[in-house]
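First the structure, in the form of structure tokens, and then the observations on it.
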Amino acid sequence: MTTPLLSVSGLRASYGPVQVLFDVDFQVAKGSVTTLIGANGAGKTTIMKSLAGLVAPTDGEIRFEGRDITQVPSHDRVNSGLCLIPEGRLVFPGMSVEQNLRLGAIAPAARAGHNQMLAEVFDRFPRLRERRSQLAGLMSGGEQQMLALGRGLMARPHLILMDEPTLGLAPVMVKQVFETIVELRDAGFTILLAEQNAKVALELADRAYLLENGRVALSGPGAELLASPDVRRAYLGM
Amino acid sequence: MDTLLSGQMLFAALVSGSLYALVALGLNLVYGTLRLLNIAHGDLVMIGAYTAFWMISLFAVPPIISLVVAAALCALLGWAVYVGLFRRMLAKPELAKRVEANSLILFYGISVILQNLAALAFTSTSRGYQYLDTVITWQGVSMTGNRLLTLGIAAAICFGTILFLRFHLFGWGLRAVIQRREAAQVVGVNLNRVQLLTICGGFAVAGVAGVLVSMTEQITPFMGFPFTIVAFVVIIIGGLGNIGAGVLAGFCLGLVETYGIALTSPGYRSILIYGLFVGVLLIRPEGIFTKAVRS
Chain A
1 MTTPLLSVSG
11 LRASYGPVQV
21 LFDVDFQVAK
31 GSVTTLIGAN
41 GAGKTTIMKS
51 LAGLVAPTDG
61 EIRFEGRDIT
71 QVPSHDRVNS
81 GLCLIPEGRL
91 VFPGMSVEQN
101 LRLGAIAPAA
111 RAGHNQMLAE
121 VFDRFPRLRE
131 RRSQLAGLMS
141 GGEQQMLALG
151 RGLMARPHLI
161 LMDEPTLGLA
171 PVMVKQVFET
181 IVELRDAGFT
191 ILLAEQNAKV
201 ALELADRAYL
211 LENGRVALSG
221 PGAELLASPD
231 VRRAYLGM
Chain B
239 MDTLLSGQML
249 FAALVSGSLY
259 ALVALGLNLV
269 YGTLRLLNIA
279 HGDLVMIGAY
289 TAFWMISLFA
299 VPPIISLVVA
309 AALCALLGWA
319 VYVGLFRRML
329 AKPELAKRVE
339 ANSLILFYGI
349 SVILQNLAAL
359 AFTSTSRGYQ
369 YLDTVITWQG
379 VSMTGNRLLT
389 LGIAAAICFG
399 TILFLRFHLF
409 GWGLRAVIQR
419 REAAQVVGVN
429 LNRVQLLTIC
439 GGFAVAGVAG
449 VLVSMTEQIT
459 PFMGFPFTIV
469 AFVVIIIGGL
479 GNIGAGVLAG
489 FCLGLVETYG
499 IALTSPGYRS
509 ILIYGLFVGV
519 LLIRPEGIFT
529 KAVRS
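As given, the protein sequences belong to chains A and B, one line each in that order. Its first residue numbered 1, the first sequence is counted upward by one per residue in the working numbering. Its first residue numbered 239, the second sequence is counted upward by one per residue in the working numbering.
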């Protein structure tokens, strides 16, 4: 097996005295969609924030493209191609759509040719082109999710971390977000997806990890987890 | 009525407005990016004022050069405060939450220390000097050179900063940090660098304001506090962390103060300023120039 693009081993994290991650191990292979599923509070967002450098793990190692990045500051991680689409979207509400996108390319590695990238993002999300001069804070949740995705693509990521991209969206928008994920995968992007919507996430995942109380409870190909009686009972309501 | 419509009056209002805008600019930058309530901000104005006074008294260096010296001195202080006090705390989210709440008290302590050090070193005698105080008359408006210089420099720094934030990539990063600190990190803004440069810049601007004030007003170790208060009033009127609106609010306060006093009496100065402040808090607590956006 070739070296995975991202490899996490023994990851632990705490908020104050409360430990939320216990020796989490997982890998993301290049070109794949990997998903982390689990209930609210299972530790998905904490893992994503640890990967992006927003939460400092108390123990463990994060290797990205063969390099240990556990102690690397967040802006350096973006610059090396690791990009988080955060939970809650976190667009810059007082800036226009275009400014939000251009800020996505603020990392030195993404600056060259960012006008061309902007055109690509506009082609992928025509809605954003229509609304390029509108304030991001005035857009709907679904449009903000498109913007957050577009902003992430501006950084020319080698790995896209998507944290709960469908949270709080209308069903029609949820469908559209998943379609976009498939499109991105087909375009060759590597994606790590944290998702509460286990069924759809498992259907499109090459590999999946089930988190329970800050631990990896089960892992395997997406289809395998989808067929597992435990997963079906606890997470899919079947 | 004639005085009200005179250019003289407008000039006076613009001079005080530009100073308010400048003092508030530094406070707003520091609050916006670091979420620190710098209650010692006015004391940096005092430090700048003393710098100009001693430079001209001891070395005959004109205030126009002291501007640079005071800016450098205050920037150095900003660096010391950031590296020595806040960097480690801001790096840890759980501590950063408390830093924001505690910053008021921390800076109050710094303020008391600075005021008393100044009183010890320079005594509390008021000081002053004369610089460019000949009257220039242009289009029937009489102006002293020092006030003209104050208006020119303060306005140039304020509008220069606004342009920088609008058009320079670093300025965009700074605005990103003000709007959404975590999102700024997500897109790859170097938070540490933005915060350090902002605190240095914010402090330096206060020092510059101090030099400008010293050209026309008396200097004492305790002159800073009223500037802190005015700066807070201005940034709350404009909207916390909203840099452009803060500058506009500074000029508005200068206009309201000058014309208000002309229409009533100087005894109403505080009532006018705080009346405006309380009025804004009651009617538009998010600031009068802040656009409503969903976050």
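Using N, Cα and C, we set each Cβ at its ideal position, and we do this for glycine too.
Nearest candidate by alpha-carbon position, reference residue i, set the options
i: I62/A; options: R131/A, T45/A, R207/A and V24/A; result: V24/A
i: G214/A; options: K30/A, T46/A, Q27/A and G31/A; result: T46/A
i: L248/B; options: P504/B, L510/B and A500/B; result: A500/B
i: G10/A; options: G60/A, G41/A and G53/A; result: G60/A
i: L51/A; options: W410/B, N428/B and Q423/B; result: Q423/B
i: R77/A; options: F26/A, R156/A and I181/A; result: R156/A
i: I400/B; options: G286/B, D240/B and N266/B; result: N266/B
i: S80/A; options: I69/A, E87/A and P86/A; result: I69/A
i: Q456/B; options: L389/B, G366/B, T382/B and V321/B; result: G366/B
i: T2/A; options: V91/A, T58/A, G66/A and E183/A; result: G66/A
Own chain residues within Cβ distance below 8 Å of residue i, not counting five before or after
i: G245/B; result: Q377, G378 and V379
i: G141/A; result: R89, G168, L169, A170 and M173
i: V518/B; result: I474, I475, G525 and I526
i: A42/A; result: L211, E212, N213 and G214
i: P464/B; result: G280
Buried versus exposed call for residue i [16 or more other C-beta atoms within 10 Å across all chains shown]
i: Y258/B; result: buried
i: N100/A; result: buried
i: E212/A; result: exposed
i: R532/B; result: Its pLDDT being 40, under 50, R532/B is placed unreliably by the model, and the measurement read from it follows with that caveat. Under this definition R532/B is an exposed residue.
i: Y269/B; result: buried
i: A170/A; result: exposed
i: G479/B; result: buried
i: S74/A; result: buried
i: S349/B; result: buried
i: A483/B; result: buried
i: Y209/A; result: buried
i: Y288/B; result: buried
i: H406/B; result: exposed
i: S362/B; result: exposed
i: L195/A; result: Residue identity check: residue 195/A is Glu in the sequence provided, not Leu. It counts as buried.
i: P108/A; result: exposed
i: E164/A; result: buried
i: L333/B; result: exposed
i: E183/A; result: exposed
i: I191/A; result: buried
i: Q116/A; result: exposed
i: F26/A; result: buried
i: A573/B; result: The requested residue 573/B is not part of the displayed model; chain B covers only 239 to 533.
Cβ shell of residue i (< 6 Å), same chain only, five flanking positions each side left out
i: S341/B; result: L274 and L275
i: F178/A; result: V200
i: P301/B; result: A290, Y369, V449 and M453
i: A29/A; result: P4
i: A110/A; result: A155 and R156
i: G492/B; result: A251, S254, G255 and Y258
7 Å Cβ shell around residue i - same chain, five flanking residues per side excluded
i: N384/B; result: Y369, L370, D371, M453 and T454
i: F441/B; result: G264, L282, C312, A313, L315 and G316
i: V55/A; result: A13, T46 and K49
i: E495/B; result: S254, R507, L510 and I511
i: L243/B; result: none
Cross-strand partners of residue i (DSSP beta bridge)
i: I160/A; result: C83/A and I191/A
i: D371/B; result: Paired residue(s): none; D371/B is not in a bridge.
i: L6/A; result: V28/A and F64/A
i: Y209/A; result: L36/A and S219/A
i: L21/A; result: A13/A
i: I457/B; result: R365/B
i: W376/B; result: V379/B
i: L135/A; result: S96/A
i: D242/A; result: Coverage of chain A is limited to positions 1 through 238, which leaves residue 242/A absent and any answer about it impossible.
Chain C contact residues for residue i, given Cβ-Cβ distances below 9 Å
i: A483/B; result: Checking the listed chains, one finds no chain C in this structure; the protein chains it contains are A and B.
Query - chain B contacts from the stretch 65 to 81 of chain A (Cβ-Cβ distance under 9 Å) - result: Within the stretch 65 to 81 of chain A, the residues whose Cβ lies closer than 9 Å to some Cβ of chain B are P73, S74, H75, D76, R77, V78 and N79, listed in chain order.
Query raised in the report: What are the residues of the stretch 391 to 410 of chain B that lie near chain A, defined by any Cβ-Cβ distance shorter than 7 Å?
Result: Here the close residues are L407 and W410.
Report task. Identify each residue in the stretch 112 to 135 of chain A for which the Cβ-Cβ distance to at least one residue of chain B is less than 9 Å, and report them in chain order. Result -> Under the 9 Å Cβ criterion, the stretch 112 to 135 of chain A contributes L135.
Query raised in the report: Between the stretch 90 to 107 of chain A and chain B, which residues of the former have CB atoms less than 8 Å from a CB of the latter, in chain order?
Result: Listed by position, the residues of the stretch 90 to 107 of chain A near chain B (Cβ gap below 8 Å) are L90, V91, F92, P93, G94, M95, Q99, R102, L103, G104, I106 and A107.
Query raised in the report: Relative to chain A, which residues along the stretch 418 to 437 of chain B have a C-beta separation below 9 Å, given in chain order?
Result: Those residues of the stretch 418 to 437 of chain B that come within reach of chain A (Cβ to Cβ, closer than 9 Å) are R418, E420, A421, A422, Q423, V424, V425, G426, V427, N428, L429, N430 and R431.
Query raised in the report: When you check each C-beta in the stretch 20 to 41 of chain A against every C-beta of chain B, which residues fall closer than 9 Å?
Result: Against chain B - using a Cβ distance shorter than 9 Å - the stretch 20 to 41 of chain A contributes no residues.
Requested in this report: Please list the residues of the stretch 146 to 172 of chain A that have a C-beta atom closer than 9 Å to any C-beta atom in chain B, keeping them in chain order.
Outcome: Within the stretch 146 to 172 of chain A, the qualifying residues are A148, R151, G152, M154 and A155.
**Report entry** Within 8 Å of chain B by C-beta, residues of the stretch 48 to 67 of chain A in sequence order
**Finding:** Per Cβ criterion, the list reads A52, G53, L54, V55 and A56.
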